[in-house]
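Number of protein chains: 2
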Amino acid sequence: MNNHDAVNEILVRLFANILDIEEKCLKIGEFSDLSISEMHVIENIGINRERTMSDTAKDLRITSGTLTTAVDNLIRKGYVERKRSIEDRRVVIIKLTEKGVAAYSAHEDFHKDMVISALQQLDTKEEELLIKILTDIDVFFKQKYDIGYK
Amino acid sequence: MNNHDAVNEILVRLFANILDIEEKCLKIGEFSDLSISEMHVIENIGINRERTMSDTAKDLRITSGTLTTAVDNLIRKGYVERKRSIEDRRVVIIKLTEKGVAAYSAHEDFHKDMVISALQQLDTKEEELLIKILTDIDVFFKQKYDIGYK
DNA sequence: TTAATTTATTTTGATAATCAAATTATATTT
DNA sequence: AAATATAATTTGATTATCAAAATAAATTAA
Chain A
1 MNNHDAVNEI LVRLFANILD IEEKCLKIGE FSDLSISEMH VIENIGINRE
51 RTMSDTAKDL RITSGTLTTA VDNLIRKGYV ERKRSIEDRR VVIIKLTEKG
101 VAAYSAHEDF HKDMVISALQ QLDTKEEELL IKILTDIDVF FKQKYDIGYK
Chain B
1 MNNHDAVNEI LVRLFANILD IEEKCLKIGE FSDLSISEMH VIENIGINRE
51 RTMSDTAKDL RITSGTLTTA VDNLIRKGYV ERKRSIEDRR VVIIKLTEKG
101 VAAYSAHEDF HKDMVISALQ QLDTKEEELL IKILTDIDVF FKQKYDIGYK
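Respectively, the protein sequence lines represent chains A and B.
Note that the first sequence covers residues 1 to 150 in full-length UniProt numbering.
Note that the second sequence covers residues 1 to 150 in full-length UniProt numbering.
Written out as C-alpha cells, the structure is:
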C-alpha cells in the first residue's frame, strides 16, 4: 500500500469514528434529548446571537422547511426561542435560551477536550504539520467544490 | 489563537462540509442514483469480496434490518447481488456487481483526488510523519472513547 | 434423536431528517 | 392598486434508522 492509500484509509476511518464519538458522548451526557442535527442547529445559532431562519438554514445547508420543524422541536424541548422581527414582520428571529447556551457550552467543551487529548501526544512540529494538512484539505474543498463557507 | 483552537475550528468546518461535498460529487457524477449511505455500503463490501450481512452491518455500525433494506435497494438498482451461503444456509452473502465495482472505483477516485491534492506539498518523510500522527490519533480515540473498530 | 437454544436474517412498526412544492403573510416594485 | 418578490410554514413524500417480533437454520443438551 502506498502513502496515499494509507492516508486515505485512515482519514476515512477517523472521520467515521469522530462522528460516532460525538453522537455517543451526546447520548450519555446531560443533553441526551438532543440529536446531532439539533446540536448543529444550536451550534449555528450560537451564543449572544439573534439569527433569522433563512440565514441559519443557508449556513446549515438545509431547507427552511427542515429548519422550521427542527426549531419547533428545539422550542418544545426548551433550547431555543422564536420571535417575529419588528422591522420586517416576515422574518423570524431565533436565539438560544439559557438551557440552549448550556448545551452549546457543553458541546464546545467536548470538542475542546477531544482535540486537546488528541494533540497531547504530538510534539510541536507534529502539531504544526497536522494543522498544515488539515488546512490544505479545507482549502482544497473550498476551491474545488465551491462550497459556501461562512 | 493557539494550536488547539486552530485544529478544533478547522475540524468542525471540515466535518460540517465533508459529507455535503461527498454527496454533491455523487449527485453530479455517473452514479447519481446512489445516496451517501448506499455508497458507504458499496465501499464496505469492496472489490473481489464476498461479505456476510452481519459482518457488513457490524462494520458500518448499523443494524441488520437497516442493512437488509439498503441491500434490497442496491440490488434493485443493480449494484449488489445476494446469495445464500452453501456451508451455512442462514448466512446471506453479498457482493458487488460489475456496476457496483464501477461505482466503487469512481468513489475511490474522489477520495484519492482529495488526498493527493492534500499531500502534494509534502515530501515522503513528511508524508510518513503524517501517517504516524494520524495513526496515533486513531489509536488514541479507540482507547479513550472505546469505539468498536473492526 | 428429538427438544431447546442460539444464530443470521428479514419483516414490521415506529421515528427523525430531509426535500420540493403549495400556501400564507408581508414587503417591494411597477 | 396590482403584480411581483421574499420569508416562513405547511403538506406530502422519501430515506435512513432502530427495536422488537418473526422466520429459518444450525448447534447443543436431554
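The beta carbon of each residue, even a glycine, is placed where N, CA and C say it ideally should be.
Only a predicted model underlies this, so the values are computations on that prediction, with no experimental measurement involved.
Straight-line Cα distance separating residue j from residue i
i: glutamate 30(B); j: glycine 29(A); result: 42 Å
i: isoleucine 137(A); j: leucine 119(A); result: 18 Å
i: arginine 13(A); j: aspartate 123(A); result: 23 Å
i: lysine 144(B); j: lysine 24(A); result: 12 Å
i: isoleucine 36(A); j: glutamate 22(A); result: 8 Å
i: isoleucine 10(B); j: glutamate 87(B); result: 49 Å
i: leucine 134(A); j: phenylalanine 141(A); result: 11 Å
i: leucine 34(B); j: alanine 70(B); result: 11 Å
i: threonine 68(A); j: methionine 53(A); result: 8 Å
i: leucine 129(A); j: lysine 77(B); result: 43 Å
i: alanine 16(A); j: phenylalanine 15(B); result: 10 Å
i: aspartate 20(A); j: aspartate 5(B); result: 21 Å
i: isoleucine 131(B); j: asparagine 8(A); result: 10 Å
i: alanine 57(A); j: aspartate 72(A); result: 14 Å
i: glutamate 50(A); j: isoleucine 18(A); result: 30 Å
i: arginine 89(A); j: alanine 103(A); result: 29 Å
i: aspartate 109(B); j: glutamate 98(B); result: 17 Å
i: methionine 1(A); j: lysine 112(A); result: 34 Å
i: glycine 65(A); j: glycine 65(B); result: 29 Å
i: serine 32(B); j: leucine 26(B); result: 6 Å
i: aspartate 55(B); j: isoleucine 62(A); result: 33 Å
i: valine 139(A); j: glutamine 121(A); result: 26 Å
i: serine 105(B); j: histidine 40(A); result: 32 Å
i: glycine 148(B); j: methionine 114(A); result: Low confidence applies to glycine 148(B): its pLDDT is 48, below 50, so where it sits in the model is not reliable, and the reading given next is rough at best. In a straight line, the C-alpha of glycine 148(B) is about 17 Å away from that of methionine 114(A).
For residue i, the first and last residue of its enclosing alpha helix (DSSP H)
i: glutamate 23(A); result: 3-28
i: residue 152(B); result: Residue 152(B) is absent from the structure shown; chain B starts at 1 and stops at 150.
i: valine 115(B); result: 98-119
i: leucine 60(B); result: 53-60
i: asparagine 48(B); result: Element bounds for asparagine 48(B): n/a, residue is neither H nor E.
N-terminal and C-terminal residue of the beta strand (DSSP E) that residue i is part of
i: glutamate 81(B); result: 80-84
i: isoleucine 133(A); result: Note, isoleucine 133(A): premise wrong, no beta strand (DSSP E); alpha helix (DSSP H) at 124-145.
Residues that residue i contacts on chain A, provided the C-beta gap is smaller than 8 Å
i: tyrosine 104(B); result: Ordered by position in chain A, no residue passes the 8 Å Cβ test against tyrosine 104(B), which lies about 13 Å from the chain.
Chain-ordered neighbours of residue i on chain A, where CB pairs are closer than 7 Å
i: asparagine 3(B); result: Leu119, Glu127 and Ile131
i: alanine 6(B); result: Ile131
i: lysine 24(B); result: Tyr145
Beta-carbon proximity of residue i to residue j, cut-off 8 Å
i: aspartate 84(A); j: isoleucine 75(A); result: The sequence given here places arginine at residue 84(A); aspartate does not occur at that position. Contact flag unset, no.
i: isoleucine 116(A); j: isoleucine 45(A); result: no
i: glutamate 38(B); j: histidine 107(B); result: no
i: leucine 60(A); j: valine 80(A); result: no
i: valine 101(B); j: isoleucine 47(B); result: yes
i: asparagine 3(B); j: glutamate 127(A); result: yes
Chain B contact residues for residue i, given Cβ-Cβ distances below 8 Å
i: arginine 61(A); result: Asp20
Amino acids of chain B, ordered along the chain, whose beta-carbon sits closer than 7 Å to that of residue i
i: threonine 135(A); result: Ile10
i: leucine 122(A); result: Ile133
Residue i: contacting residues in chain B (beta-carbon distance under 9 Å)
i: leucine 14(A); result: Leu134, Ile137, Asp138 and Phe141
Residue i CB to nearest heavy atom of the ligand SAM below 7 Å
i: glycine 78(A); result: Looking at this structure, you won't find the ligand SAM or any other ligand, since it has none at all.
Interface residues of the stretch 81-115 of chain B facing chain A [CB-CB below 9 Å]: Those residues of the stretch 81-115 of chain B that come within reach of chain A (Cβ to Cβ, closer than 9 Å) are Glu108, His111, Lys112, Asp113, Met114 and Val115.
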